[in-house]
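Only one structure is covered here, and it is reproduced in the block below.
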Amino acid sequence: MAAPTSRAARRWPFALFVIFLLAYNLFRAGLFAMTQNGTVKPEHPLDPLVNSVVGYSELTIGLVGLVAIPALVRSLRWGFWMTVAINAYAIVFDAMSAVVVQLSAVGGVIPPVVILLGLLLFRHRFFPAGSETGVPAAARA
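The numbering of the sequence shown is numbering that gives the first Met the number 0, which starts it at 0 and goes up by one.
Pasting the structure below:
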């Protein structure tokens, strides 16, 4: 007979996921500061409006992601959906930045994709079996 799995053993993957989220969102917020003080510069000069959109998008992605982390830890659905939304925005933002600003921005697509896959893996924490998922019944069938 196999020994029962300890509760702590099942928590460590989610804990690592939350630590990754924390680091990623702090990096995004920090990237805003680095673009403002000139530490990080684009390959070519940008229009001031484009530069502002890039900088403040980085800040928004980081701060909104940080706001969602406590809700994820408490397994609140709004934290799940906020994290999905901000990472979907991050994917679109980084893809557009790769086209408009510099090609190396395409690397920024990887962490949000990993986060979305992680949310898919841990969705049972937010939508227990038999609960309403917010997906219409016709789409679930």
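The C-beta atom is built at its ideal place from N, Cα and C for all residues, glycine as well.
- In the same chain as Phe-26, and ignoring 5 residues on each side of it, no C-beta atom comes closer than 7 Å to its own.
- Here Ala-94 is not near Met-81, since their CB atoms are 8 Å or more apart.
- With contacts defined by Cβ atoms closer than 8 Å, Tyr-88 and Ile-114 do not form a contacting pair.
- Residue burial is scored here from C-beta neighbours: Leu-118 has at least 16 other C-beta atoms within 10 angstroms and is therefore classed as buried.
- Using a Cβ distance threshold of 8 Å, Phe-31 and Gly-54 count as a contacting pair.
- Each residue's CA atom was taken as its position, placing Gly-64 and Phe-79 some 10 Å apart.
- For the pair Trp-11 and Ile-90, the Cα-to-Cα distance works out to about 27 Å.
- Just measuring C-alpha positions, the residue of Pro-127, Val-17, Val-52 and Val-105 sitting nearest Arg-76 is Pro-127.
- DSSP places Thr-34 within a helical segment (H, G or I) once states are collapsed to three.
- Counting every other CB atom within 10 Å of its CB across the protein chains shown gives Thr-38 a total below 16, marking it as exposed.
- The beta carbon of Met-33 sits closer than 6 Å to the beta carbons of Val-39 from its chain, once the five residues preceding and following it are set aside; these are given in chain order.
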